[in-house]
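Sequence positions in the sequence shown follow full-length UniProt numbering and run 1 to 404.
Ideal Cβ positions, reconstructed from N, Cα and C, are used throughout, including at glycine.
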Amino acid sequence: MAYMTTDRLGELTAAGVAIWLDDLSRVRLSSGGLDQLRREKHVVGVTTNPTIFAKALSDADEYDWQLRDLATRGIEVEEAVRMLTTYDVRWACDVMRPAYDASAGVDGRVSIEVDPRLAHEARRTVAEAKALWWLVDRPNLFIKIPATEAGLPAITAALAEGISVNVTLIFGLDRYSQVMEAFLAGLEQARANGHDLSKIGSVASFFVSRVDTEVDKRLDRIAGEASDSAGKERALGLKGRAAVANARLAYERYSEVFSSDRWQALADAGAHPQRPLWASTSTKNPDYRDVIYVEELIATGTVNTMPESVIHAYAEHGETRPDTVTGAYDDARQVFADLASVGVDMADVIDTLEREGVEKFEASWNELLDGVRKSLAAAGQGTDSPGEAARTNADAAARAGGNA
Numbered sequence: 001m002a003y004m005t006t007d008r009l010g011e012l013t014a015a016g017v018a019i020w021l022d023d024l025s026r027v028r029l030s031s032g033g034l035d036q037l038r039r040e041k042h043v044v045g046v047t048t049n050p051t052i053f054a055k056a057l058s059d060a061d062e063y064d065w066q067l068r069d070l071a072t073r074g075i076e077v078e079e080a081v082r083m084l085t086t087y088d089v090r091w092a093c094d095v096m097r098p099a100y101d102a103s104a105g106v107d108g109r110v111s112i113e114v115d116p117r118l119a120h121e122a123r124r125t126v127a128e129a130k131a132l133w134w135l136v137d138r139p140n141l142f143i144k145i146p147a148t149e150a151g152l153p154a155i156t157a158a159l160a161e162g163i164s165v166n167v168t169l170i171f172g173l174d175r176y177s178q179v180m181e182a183f184l185a186g187l188e189q190a191r192a193n194g195h196d197l198s199k200i201g202s203v204a205s206f207f208v209s210r211v212d213t214e215v216d217k218r219l220d221r222i223a224g225e226a227s228d229s230a231g232k233e234r235a236l237g238l239k240g241r242a243a244v245a246n247a248r249l250a251y252e253r254y255s256e257v258f259s260s261d262r263w264q265a266l267a268d269a270g271a272h273p274q275r276p277l278w279a280s281t282s283t284k285n286p287d288y289r290d291v292i293y294v295e296e297l298i299a300t301g302t303v304n305t306m307p308e309s310v311i312h313a314y315a316e317h318g319e320t321r322p323d324t325v326t327g328a329y330d331d332a333r334q335v336f337a338d339l340a341s342v343g344v345d346m347a348d349v350i351d352t353l354e355r356e357g358v359e360k361f362e363a364s365w366n367e368l369l370d371g372v373r374k375s376l377a378a379a380g381q382g383t384d385s386p387g388e389a390a391r392t393n394a395d396a397a398a399r400a401g402g403n404a
């Protein structure tokens, strides 16, 4: 008897969701693992962050030769990090190039982040974005710029230069609206500067699971302080609902902006919309379904960037429904109203998450620098395994940053 196997990831793709991998390492590249995910698991993009690179660099053998060369040349640690990470990202861009070509430049993208310590310095962020764009030198690159207040003008300026941008660390609806405004302004300037808008891409990375983590913590505290069982049950009944509601309302705003006359003028000039990208999609609470942030956020024209574990989990038991977002706006607004009624201040939640998000990536970046600094020193002394020092920093970096 022949058994039919369900291609759940193929169904997700057909529903309009682009599947991206939230991970990169030289082992994954040299082994052909990334290309296998592209060919067999419908993966059409890659995202990275400082934590991911710190973990990758702890695998010493794959980086030893380059670390030795960099040490021999006397390269400073910050420039060494650029050389190491852009090497991997350039390679990944080449692996993903078939997806880029097949989608006319929409997918097949690989993201690399500007130094997160520059998150509050617009001019230096733009300069770093330009340097990374030049170093990688691939059309399917995305430069990740955080959605801080200083990041907003940097996003516009980078796009105006013809640089494709992944806007990261978006948590709140108002900031997301500002991000879309920065995107439109950037494309308008790019058009005025003579750039081909069809070559410029962008996604807006809206973080998901971290919202539930923060809100659930507050709900637990509210439940613990409740004076009656009904108040406690009401607070606990809202756990695990904020993140999906937040993302759904973000998609509503996206739909409004990208159906406007202003956007249509850019689309007529060849521009692609700035797609919402659901980031931080692995569940942090083991009580929640492991693919909840995929199943509940299925909508046309979105990206879901997942750790490999989530990709395999969805392939095994994910349930694809045609659209789990656009018909749920009223329910999402009710969730927000209910959260406010029990005492959750969502504005404070968003401010906290943005501040902590930048801090966590700064910490991971510092761990990455420290690991490379020790590895360069070991390489300069001629030890057998210069990357060994990076291993001691990888766990700390992972704890500091988490996945994107």
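Query	Result
Using DSSP with H/G/I as helix, E/B as strand and the rest coil, what is F258?	coil
Tell me the rounded alpha-carbon separation between N119 and T5.	Reading the sequence as shown, one finds Ala at residue 119 and not Asn. Looking at the two C-alpha atoms, the distance is approximately 46 Å.
Let's test the definition: count the other Cβ atoms within 10 Å of the Cβ of P322 and tell me whether it reaches 16, buried, or not, exposed.	exposed
When the Cβ atoms of the region 38–56 are set against those of the region 7–26, are three or more pairs found closer than 8 Å?	yes
Nearest-angstrom Cα distance between R97 and N304?	19 Å
Going straight from the alpha carbon of Q381 to that of A71, what length do you get?	9 Å
In this structure, what does DSSP give as the bridge partners for I19?	V43 and N304
Using 8 Å as the threshold, is the C-beta distance between A154 and V126 below it?	yes
Roughly how many angstroms lie between the CA atoms of P276 and A347, to the nearest whole one?	21 Å
Do V114 and I143 have their C-beta atoms closer together than 8 Å?	yes
Can you name the residues that DSSP bridges to F142?	S111
To the nearest angstrom, how far is the alpha carbon of D287 from that of A377?	44 Å
Using a Cβ-Cβ cut-off of 6 Å (strictly less than) and excluding sequence neighbours within five positions of V211, which residues of its own chain qualify?	A242, A243 and N246
Taking L169 and A271 to be in contact with their CB atoms under 8 Å, please state how far apart those CB atoms are, rounded to whole angstroms.	L169 to A271, Cβ: 24 Å. No contact.
Between which residues of its own chain and residue 413 is the CB-CB distance below 6 Å, once the five residues before and five after are set aside?	The structure shown does not extend to residue 413, since the chain spans only 1 to 404, so no value can be given for it.
Only counting the same chain, and skipping five residues up and downstream in sequence, which positions put a Cβ closer than 6 Å to that of E373?	A small fix is needed here, since residue 373 is Arg in this sequence, not Glu. For R373, where only same-chain residues beyond five positions count, the Cβ hits under 6 Å are V77.
Return the chain-ordered list of same chain residues with a C-beta closer than 8 Å to the C-beta of L9, the five sequence neighbours on each side being excluded.	I19, K41, H42, I311, Y314, A315 and G318
Spell out the partners DSSP gives V167 in its beta bridges.	I145 and A204
How long is the line joining the alpha carbons of K284 and S209, rounded to whole angstroms?	7 Å
Could you give the first and the last residue of the continuous beta strand (DSSP E) run that contains A279?	R275 to A279
Quick check on Q381: does DSSP put it in helix, strand or coil?	coil
Report buried or exposed for G357, applying the criterion of at least 16 other Cβ atoms within 10 angstroms of its Cβ.	buried
Rounded to the nearest angstrom, how far is the Cβ of S364 from that of T51, given a contact under 8 Å?	4 Å
Between R355 and the ligand HEM, is the CB less than 7 Å from at least one heavy atom?	Because no ligand of any kind appears in the structure shown, any question about the ligand HEM cannot be addressed here.
Straight-line CA distance for R123 to G151?	9 Å
In the structure shown, what three-state DSSP assignment does L297 receive?	coil
Do you know offhand how far residue 405's Cα is from D196's?	With the chain covering 1 to 404 only, the question about residue 405 has no answer from this structure.
State the CB to CB distance for the pair V136 and T86, rounded to an integer number of angstroms; the pair is presumed to be in contact (CB under 8 Å).	5 Å
Kindly list the residues whose CB is nearer than 7 Å to the CB of F336, restricted to its own chain and excluding five residues on each side of it in sequence; keep chain order.	A245 and M346
Assign D101 to buried or exposed, taking buried as 16 or more other Cβ atoms, counted over all protein chains shown, within 10 Å of its Cβ.	exposed
Quick check on G327: buried or exposed, where buried means 16 or more other Cβ atoms within 10 Å of its Cβ?	exposed
Just to confirm my understanding: we take V81, look at its own chain, exclude 5 residues before and 5 after, and list those with CB closer than 7 Å. What are they?	L368, L369 and V372
Would you call G172 buried or exposed, if buried means 16 or more other Cβ atoms sit within 10 Å of its Cβ?	buried
Between the alpha carbons of A269 and R253, how many angstroms are there, rounded?	22 Å
So, is G240 buried or exposed, given that buried needs 16 or more other C-beta atoms within 10 angstroms?	buried
With H, G and I counted as helix, E and B as strand and the rest as coil, what does DSSP make of G151?	helix
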